[in-house]
Amino acid sequence: MTEKLMKAIYSDPAQTITLTAWADTVAVDPRDNLLIAVRLGGYPEVTAGLVNAVSGGGTLSVQLDGETLVCTPQQGRYSKEVSRDGTYAVAALLWDNQSARKQGEKQQTEEMEGKEQKEKTDKAQEARVYYLACPVRDKTALYHEIDKVSTIPMLPEFSDYMINELQARDMLAPCRVYTTGEPFAIWRLTCTPDDQNIADVLTDGLKAGVIRIPSTWPCQPDAFTEINGVAGYLRAFGSVIASRIRGQFQPLYDPAQEPLSEGVLGLDQFVAQTAGYHLYGAQLAAAEALRRRLQTARFGLLIAECGSGKSKVGSLALQAYFLQKHRKCLHIVLCPSHMTGKWVRELEEAIPNARAAIVRTPADMDALYAGYARGGRTVFAVLSRESARDGYMRRPAARWDARRQGFTCPDCGSVIQMEFMDCGKRTLTDATPEYFRTETRANRKCEGCGAVLWTATTAEEQSEWVRISHLGYVHRRFAYLARDACKTAAAKKQLAALLREPDRFMAARGACRRFPLSTYIKNRYRGKIDGLIADELHQFSADSGQGDAMGELFAAAKKCIGMTATLINGYASGIFYLLYRMCACRMEQDGQSYAAPAQFAREYGVTEDTYEVTEGGYNSNRRTAKRKKRSRQKPGVSPLVYSRFLLENGVFLSLMDMGKDLPEYEEIPVPLRLPENQQRACDDLEHAFHEIFKDRSREGRKLAPEAVVRVPEPHDGLSGPAVWA
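Under the working numbering, the final residue of the sequence shown carries the number 726; numbering is consecutive throughout.
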């Protein structure tokens, strides 16, 4: 530990560059002065440049009480974090074990030129090094970190022996840490391939009797001698496993041991009065379990088969929880568009003194809330997942300045600049029209004043920017620059028309004055929404606009119930964004990054990596070349997803739980001839779709499912509003 800040210097004599900052924490490996961690601060430009140089492999010199410590970093093996505090910036570099492993594998593949096969094999057998951080003199935390990086199963009872023996064999060694803050320790753990050296330490301890597996004693007969497979193992130890599971996993509600709450029973009685039937015992038990889950957590999941009554169970659970508050409540139901009417009917049957209404626009929401504020009834706002995310279209707001020959910010008037790579260096230059083709993080705001460079547009607006199908926005003055970028016939046709008449009016199809309903509710009614029911939760699992809408409503509500029959689509990535929207803290604790869904898929799913290996010629310096060709996900989800994220949050319900002999179900299609007027309407609809798909296939693919959803009820095929004008 040190009492004052340490001067950190990066110097490059060849480029005549010297960067200086002040560090409060430095950690190095005493074996070769390898930099493990550093935290430093200074002016933002200097700090950012120094961190980038060091993470790229540049040597860092740190002055410690009259002596200079030369730290040697390794490129591509650190996680970087930069934050700004007023006029100064603070940056931290920390050794990332996963990045170091990937970088090591990459170097093993690339460093095979001019070497014999034996040398390659020796290279592949090199030991891996992990750096583990923990509190000072905390063996429990250190042992936990060792267990996390090792593939060898170890019990907590082995901690003292394992740590002492690993240090004695020079497999575990402390590193040097200099810090002005709270002291901590960093240890170097060396592992051979497949962690064989750790397995040897464990095996030697078991053989010598220094450590022992619990419940095993010397001279006790081996219970595994007559076990030849999984079936035999379960016959021998099934009762022990079952009792262990019951002891470790206590259910939140056991219907065989505990009675239902008065709130659930009262709501079931109300359903019997309005609908004429009582809920099954399994349904009431699921509602009670969800109610109890909401008492200790912000959300709960109902994973139930189709036809098991999810809407009744979910609404009863939510209302039973809020009955304890003894007040009216405002809830939101998010569901598919064809289910909105059903939800209104179900809620009126299940919830006493409640009103449910379909909300399509912000004005509808304001009117519903005004009635809720005046009255004394619980109100449910039913939103379709399509209308919840429908919003306005945006176009570039940058203007072309002919005098300065550049695009300018509409607020401050400065010329907008963009970054590009020039001989490996980042360089700034005036923004080109292609820079505003689509909205990105780079072109969203002006670097000078921070103003947003994109604005709302409508179909009636005439702008200097024109939207081209399948391409993006094109500036009228520079439309000729987009010729090579047009790949589809529709885009080429629109661009040709614009080139012939640069000042012609070209409407932006689909652009209208509309604000996203979910964003409006989040901004205006945050803290006023008591509960959210997200029906068909699996439809919000992707990185999509509808998924973001669900996330915004989840953030605005105090409690949430998610309902689905198929929570996971068979792939680990299918639940990544959903977990981040509902339990971001748990995902962060698990080390998952929102920007890296592939890492989650690799850890909890199945990933197939395809490599291409080519043999070199007889006169080539490289004997073989191996490169990664592609990586794709395969079906499969680790059981750890259920135990870490879903088990304590989920209530599972199946039709078999109802305890009733359900009749067999079979669908038999029966062809019917339509009446003449309905057949004529269907033919017109088919012809209209043919015309749309000829020139605008992308719009057609989006319009087709919407048209199917909005088709009126089968008993009257021509009533109701038209699908389009």
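All C-beta atoms, glycine included, are put in the ideal place defined by N, C-alpha and C. The model shown is predicted, which means the values in this text are computed figures rather than measured ones.
For a test of the three-state rule: what should DSSP assign to Asp684, helix, strand or coil? helix
Give me whichever residues DSSP pairs with Asp610 in a beta bridge. Ser632
Between Cys336 and the rest of its own chain, which residues show a CB-CB distance below 6 Å, the 5 nearest in sequence each way excluded? Trp344 and Asp536
Any chance the region 308-327 sits against the region 568-581, with 3 or more Cβ pairs inside 8 Å? no
Going by DSSP, what residues sit across from Glu420 in a beta bridge? Leu429
Cβ-Cβ distance between Ile37 and Ala24 below 8 Å: no
Determine the DSSP secondary structure at Phe381, reduced to helix, strand or coil. strand
With H, G and I counted as helix, E and B as strand and the rest as coil, what does DSSP make of Phe513? Here residue 513 is Cys; the residue named in the question, Phe, does not match the sequence. Cys513 falls in the coil class under three-state DSSP.
So, does the region 380-392 touch the region 544-551, judging by three or more C-beta pairs under 8 Å? yes
So, Pro434 versus Phe479, is the Cβ gap smaller than 8 Å? yes
When you compare the region 485-500 with the region 518-534, are there three or more beta-carbon pairs, one atom per stretch, that lie closer than 8 Å? no
May I have the straight-line CA-CA distance separating Val417 from Gly451, to the nearest angstrom? For the sequence presented, residue 417 should be read as Ile rather than Val. In a straight line, the C-alpha of Ile417 is about 11 Å away from that of Gly451.
Segment contact, 8 Å Cβ cut-off, at least three pairs: the region 301-310 with the region 479-494: no
Residues near Trp401 in its chain [Cβ-Cβ closer than 7 Å; skip 5 each side]: Phe408, Glu465, His476 and Arg478
Assuming contact is defined by CB atoms lying nearer than 8 Å, are Ser56 and Pro74 in contact in what I supplied? yes
Just to confirm, are Leu20 and Gly50 a CB contact at a threshold of 8 Å? yes
Check Ala460 in the structure and name its three-state DSSP category. coil
Alpha carbon of Gln249 to alpha carbon of Ile669, nearest angstrom: 47 Å
Report the three-state DSSP secondary structure of Ser80 (helix, strand or coil). strand
What does Gly282 pair with, by DSSP beta-bridge criteria? Bridge partners of Gly282: none, in fact.
Between the C-alpha atoms of Asp1 and Phe437, what's the straight-line distance to the nearest angstrom? Outside the shown range of the chain, which is 2 to 726, sits residue 1, and nothing can be said about it.
Classification of Leu235 by the beta-carbon crowding that lies within 10 angstroms, buried from 16 upward: exposed
Please check the pair Ile359 and Thr379, which I expect to be a contact at CB under 8 Å, by giving their CB distance rounded to whole angstroms. Incorrect: roughly 16 Å between the Cβ atoms, too far for contact.
Beta-carbon separation of Leu303 and Val652 under 8 Å? yes
Quick one: measure Cβ to Cβ for Met564 and Gly315, integer angstroms, because I've assumed they're closer than 8 Å. 5 Å
From Glu347 to Leu285, what does the alpha carbon distance come to, in whole angstroms? 16 Å
Just confirm the distance between the C-beta atoms of Cys561 and Arg299, as a whole number of angstroms; I'd bet it's less than 8 Å. 7 Å
From this set, Gly59, Arg294 and Arg129, which residue's C-alpha is nearest Phe650's C-alpha? As written in the sequence, residue 650 is Asn, which differs from the Phe given in the question. Minimum Cα distance to Asn650 is reached at Arg294.
For Cys586, report the span of its alpha helix (DSSP H) as first-last. Ala585 to Gln590
Leu280 and Val272 - do their beta-carbons sit closer together than 8 Å? yes
Residues near Leu656 in its chain [Cβ-Cβ closer than 7 Å; skip 5 each side]: Glu306, Gly308, Ser309 and Leu663
Can you say whether Ala573 is buried or exposed, counting buried as having 16 or more other CB atoms within 10 angstroms of its CB? buried
Buried or exposed for Lys523, please, with buried defined as at least 16 other CB atoms from any protein chain shown within 10 angstroms of its CB. buried
What whole-angstrom Cβ distance do Met7 and Leu65 have, given they're in contact under 8 Å? 6 Å
Please identify the residue among His471, Ala460 and Leu568 whose C-alpha is closest to the C-alpha of Ala508. Ala460
Distance between Tyr595 and Ile214 (C-alpha atoms, nearest Å): 40 Å
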